[in-house]
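Accompanying notes for the structure given below.
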Amino acid sequence: EHRWDSREHMGQESRQGRELGACPRESSSFHSRFTTLTITREPRSKHGAKDGAMGTGQGCASASSGAAAATTTLFEPGRDGQTPQVVVLVGAPGMGKTTMVRKVMVEWGEGTLHTQFDFVFCIDCKAIALPMEASVADLVSQCCPDLQVPAGKILDDQKKILFIFDGFEALGFSLVQPEAELSSDPKEVKPLELTLMSLLKKTVLPKASLLITMRPTALGSLRQCLKGEYYMEILGFSAARREEYFHRYFENPNKADVAFRFVRGNKILYSLCVIPIMSWTICTILEQELCGKKNLLECSKATTGMTMFYLSQLLKHRDRGNPQVLQQFLLQLCSLAAEGIWKHKVLFEEKEIKDYGLDQPGLLPYFLNERIPRKGEDNGSVYAFTHLHLQEFFAALFYVLEDDGEMVSSLGRLEKDVNKLLESYKSRKDLNVTVRFLFGLVSQKSIEYMDKTIGCRISPRAREELLEWLQGRHRGLSHPSQALKISEMDTFHFLFEMNEKSFAQSALGHFTDLDLHNTKLTLYDQMALSFCIQHWAGLGSITLQGCSFHWQDPEAELDASVPCSGVSGAGEHPGALVVRRWEELPCPIHLFCRALRHRDSALQVLRLQWCRLSESCCAELAALLAEHPGLAHLELADSSLGDSGVRLLCEGLRTPGSRLRILR
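At position 284 of the sequence shown (counting the first as 1) the number is 284 in the UniProt record's numbering, and the numbers step up by one without a gap.
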């Protein structure tokens with residue numbers, strides 16, 4: 001409850017009118033933690049999401065989307081000038097539906113928004129124990145057992161009432177009920193299905209307002225019950241809001257900066273952060289790393305580990321009674337994902353879902369969204385994974401998930417041929433993320449984690465194929481008369497994803513040279529590179545030509561005005577700006593040089609050509625010269641070292657430990 005959480009701690013909150021003196025708990029702390037979500041009023045269906053987020057409308061979760069809004073627009077007039085009486089707030093698991101409900105309650109209790117309502121009754125459909133028979137008045141009394149005003153009197157002024165049903169799909173009953181049996185009297189006791197249907201169809205309290213939150217896959221039958229409803233879809237965090245969220249989560253601005261730079265440098269993680277629960281997952285893991293090591297630069301959690309933790313959070317409330325059911329479902333889900341990746345396909349027809357055996361209401365909504373059709377459309381349901389990178393994760397899982405020989409692609413469409421995937425990667429670089437996840441999934445830690453927390457068995461058989469492929473691909477790239485060298489950055493990403501010392505040593509052991517050209521090295525890239533250098537005993541020569549080292553987003557200038565309202569340091573104004581200038585950041589080559597100084601380094605030649613090194617890098621290079629026992633050849637071409645920088649280098653050269661013979 002301490003920070004953003006999409007599904008817990010909503011409880012059975014309901015508030016009497018503000019004039020009765022009731023107000024929500026934690027309103028001030030809630031505001032300090034809440035980060036605005038991007039919501040679209042009319043979900044679009046024709047455009048894919050720029051960030052890969054597979055919203056039900058396939059819209060882009062960015063601040064630039066035309067219909068994006070915050071909670072202030074839930075009950076504001078639409079384009080037709082009509083104020084909606086029924087709002088359906090749609091979002092995938094973890095997108096923030098319950099958080100939005102909490103915000104509505106808090107703002108209403110404070111009197112800042114939704115002041116047209118005197119009474120708001122919130123029913124948490126996932127948790128509340130509803131009776132089998134009830135009247136609308138009974139529901140009100142159950143929501144607010146301490147009401148000092150009779151329920152009947154409250155219901156007299158219908159326009160002043162808002163009913164909220166959070167997680168409507170959890171009620172799980174049929175919405176097809178005979179019209180003649182619906183109620184028009186709020187005091188009439190009926191079976192619960194009929195009472196709720198009467199509210200939805202407006203036969204009882206026709207002027208009251210409704211806010212319904214639900215997952216996209218549950219929309220089909222509800223759509224037939226409602227009239228004049230407005231659909232709104234939560235698309236998650238825009239780019240700016242992702243950064244804001246990190247600063248709200250971490251109370252220490254410096255930790256927030258380092259954590260965000262770590263994620264910003266990893267395109268996969270940064271894109272996944274559009275999903276609020278994924279942002280929470282990543283921040284939670286990074287906070288644990290910071291607490292444990294006091295240094296995020298030693299973080300051992302790569303993209304796969306964070307994605308697995310995210311899945312465990314999504315699935316922690318499911319029924320664990322029959323793990324075989326989940327294993328079988330995942331086998332078919334992974335088959336669908338892999339089939340889609342091979343065919344560049346992200347949208348799946350309802351028939352495909354049924355053919356793959358995925359039409360299981362208890363599991364499907366965790367992984368796939370149903371697209372909301374536009375008005376007048378009737379093309380059947382279309383589904384997509386919550387995010388493209390999640391589809392790529394499940395596609396990788398397809399190749400390593402154990403099937404006991406019983407589930408070998410019952411549809412017979414795709415073979416579990418790891419070598420074919422790796423061979424295709426030569427010409428299809430769009431498979432990069434799938435291959436990266438594949439390396440992460442077969443690490444020993446991943447195998448144990450998936451078995452323990454999710455109940456899935458992963459086969460380690462692919463490890464040998466991955467090792468042989470890594471060794472072979474660089475042999476093919478190296479000229480026969482030259483030393484064996486590695487010149488692809490993705491190799492370091494793959495090894496960092498697995499994060500196993502012995503595997504990295506085996507993969508790199510046959511190579512002697514590292515040769516990278518024209519590469520922008522983000523903080524995450526540098527961490528991957530440093531991990532590999534430390535476990536590369538035979539590395540004798542490094543050439544980095546036209547490479548640049550970045551501790552922030554290399555695509556943009558460092559933002560000197562990150563808003564941190566509510567999380568500023570002691571004594572600062574709550575809305576103060578946290579300013580991070582270049583001189584406050586560590587030396588750009590700090591991680592790289594630290595890795596080169598490891599105990600078993602055999603490095604003899606270091607070429608840093610046209611790498612835009614500045615004066616601030618010279619202290620690190622001087623320390624390397626002074627401490628490295630074998631470095632004999634150093635090239636620093638086209639660098640702006642300055643006089644004082646060269647003086648620092650000279651100090652390093654003068655130390656007794658320096659073995660340098662050639663300086664260019």
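For every residue, glycine included, the Cβ atom is placed at its ideal position computed from N, Cα and C.
Extent of the continuous beta strand (DSSP E) run through GLU243 = Per DSSP, GLU243 belongs to no beta strand (DSSP E); it is in the alpha helix (DSSP H), 239 to 249.
ask   = How should GLY645 be labelled, buried or exposed, when 16 other C-beta atoms within 10 angstroms of its C-beta is the threshold for buried?
value = That one is buried.
ask   = Which of the three DSSP states, helix, strand or coil, is assigned to ILE662?
value = Of the three classes helix, strand and coil, the one that applies to ILE662 here is strand, per DSSP.
inquiry  = For SER548, list the residues DSSP reports as bridge partners.
reply    = Beta-bridge pairing by DSSP links SER548 to LYS520.
message = So, with DSSP's three-state summary, where would you put ILE282?
response = The answer is helix: DSSP assigns ILE282 an H, G or I state.
query = Exposed or buried, what is ARG664 when buried is set at 16 or more other beta-carbons lying within 10 Å of its beta-carbon?
reply = Exposed, since its Cβ has fewer than 16 Cβ neighbours within 10 Å.
key: Continuous beta strand (DSSP E) assignments of at least 3 residues falling wholly in the region 152 to 240   = Counting only runs of 3 or more, we get 161 to 166, 209 to 214, 230 to 236.
ask   = Any idea if PRO365 is buried or exposed, counting beta-carbon neighbours within 10 angstroms, 16 or more meaning buried?
value = Buried, because 16 or more other Cβ atoms sit within 10 Å of the Cβ of PRO365.
inquiry  = So, for LEU333: in the same chain, excluding its five sequence neighbours on each side, which residues have a beta-carbon less than 7 Å away from its beta-carbon?
reply    = Excluding the 5 residues flanking it on each side, LEU333 has same chain C-beta neighbours closer than 7 Å at LEU358, PHE367, PHE394, in chain order.
query = Where in the region 284 to 369 do unbroken runs of the alpha helix (DSSP H), each at least 4 residues long, occur, reported from the N-terminal end onward?
reply = Here the runs fully enclosed are 303 to 315, 323 to 342, 350 to 355, 364 to 367.
DSSP state of ALA528 mapped onto helix, strand, coil = Reduced to three states, the DSSP call for ALA528 is helix.
inquiry  = Under 8 Å, with one C-beta from each stretch per pair, do the region 540 to 550 and the region 511 to 527 reach the 3-pair mark?
reply    = Here the region 540 to 550 makes contact with the region 511 to 527; the two share three or more CB pairs at distances below 8 Å.
request  = Could you tell me whether the Cβ atoms of TYR230 and PRO84 are closer together than 8 Å?
outcome  = Here TYR230 is near PRO84, since their CB atoms are less than 8 Å apart.
ask   = Contact between the region 425 to 440 and the region 300 to 319: three or more CB pairs below 8 Å?
value = Contact holds: three or more Cβ-Cβ distances are below 8 Å.
message = Tell me which residue opens and which closes the beta strand (DSSP E) that ILE39 is part of.
response = Element bounds for ILE39: 38 to 40.
query = Is the region 251 to 265 close to the region 206 to 225, with three or more CB pairs under 8 Å?
reply = When Cβ pairs closer than 8 Å are counted between the two stretches, the region 251 to 265 is seen not to touch the region 206 to 225, the count staying below three.
query = Short check: CB of GLU402 to CB of SER459, under 8 Å?
reply = Taking 8 Å as the Cβ cut-off, GLU402 and SER459 qualify as a contacting pair.
task = Compute the distance between the beta-carbons of TRP610 and ASP643, then report whether it is under 8 Å.
result = Not a contact, by the Cβ cut-off of 8 Å.
Contact set for SER424: own chain, Cβ-Cβ below 8 Å, skip 5 residues either direction = Within the same chain, SER424 has close Cβ partners LEU431.
ask   = How would you call residue 707, buried or exposed, if buried means at least 16 neighbouring beta carbons within 10 angstroms?
value = No statement about residue 707 is possible, as the shown extent of the chain runs from 1 to 664 and does not include it.
request  = Please list, in chain order, all residues of the same chain as residue 665 whose beta carbon is under 7 Å from its beta carbon, the five residues on each side excluded.
outcome  = The question about residue 665 has no answer here: the residues shown for the chain are numbered 1 through 664.
inquiry  = Extract the residue ranges of the alpha helix (DSSP H) inside the region 409 to 434, only unbroken runs of 4 or more that lie entirely within it.
reply    = Listed in chain order, the complete alpha helix (DSSP H) runs (minimum 4 residues) inside the region 409 to 434 are 418 to 424.
key: Runs of alpha helix (DSSP H) lying entirely within the region 455 to 508, each at least 4 residues, in chain order   = Qualifying alpha helix (DSSP H) stretches, in chain order: 462 to 477, 489 to 498, 501 to 508.
key: Own chain partners of ILE285 with C-beta closer than 7 Å, once the 5 adjacent residues on each side are dropped   = LYS301, MET306, PHE309, listed in sequence order.
key: Sequence-distant residues of the same chain with beta carbon closer than 8 Å to LEU421, five excluded per side   = Annotation for LEU421: TYR399, LEU431, THR434, VAL435, LEU438 place their beta carbon closer than 8 Å to its own, counting only its chain and skipping 5 residues before and after.
inquiry  = One question on the structure: do residue 668 and ILE282 come within less than 8 Å of each other, judged by their Cβ atoms?
reply    = In this structure the chain extends from 1 to 664, so residue 668 is not present and cannot be described.
message = Quick check on this structure: which residue in LEU182, ARG607, GLU188 has the alpha carbon closest to the alpha carbon of HIS633?
response = Ranking LEU182, ARG607, GLU188 by Cα distance to HIS633 puts ARG607 first.
key: Rounded C-alpha distance that separates LEU162 from MET498   = Taking the straight line joining both Cα atoms gives about 51 Å.
Among LYS190, LEU113, LEU139, the one whose alpha carbon lies nearest that of ASP124 = Out of LYS190, LEU113, LEU139, LEU139 has the C-alpha closest to the C-alpha of ASP124.
query = What does DSSP give as the partner residues of CYS144 in its beta bridges?
reply = Paired residues: none, contrary to the question.
Nearest candidate by alpha-carbon position, reference LYS202, set ASP515, GLN444, ASP185, LYS126 = Nearest option by C-alpha distance: ASP185.
request  = Would you identify the three-state DSSP class for GLU584, choosing helix, strand or coil?
outcome  = The pLDDT assigned to GLU584 is 45, lower than 50, so where the model puts this residue is not dependable, and the model offers no usable value.
query = Is DSSP giving ALA396 helix, strand or coil here?
reply = For ALA396, the secondary structure class from DSSP, reduced to helix, strand or coil, is helix.
key: Member of ALA137, ALA504, LYS351, PRO145 whose CA lies at the smallest distance from the CA of GLN158   = With distances taken between Cα atoms, GLN158 lies closest to ALA137.
key: Minimum C-alpha distance to LEU235 - residue among SER487, THR36, HIS590   = The candidate whose alpha carbon is nearest that of LEU235 is THR36.
query = What residue does the beta strand (DSSP E) around PHE260 start on, and which one ends it?
reply = For PHE260, no beta strand (DSSP E) run applies; the uninterrupted alpha helix (DSSP H) run containing it begins and ends at 253 to 264, by DSSP.
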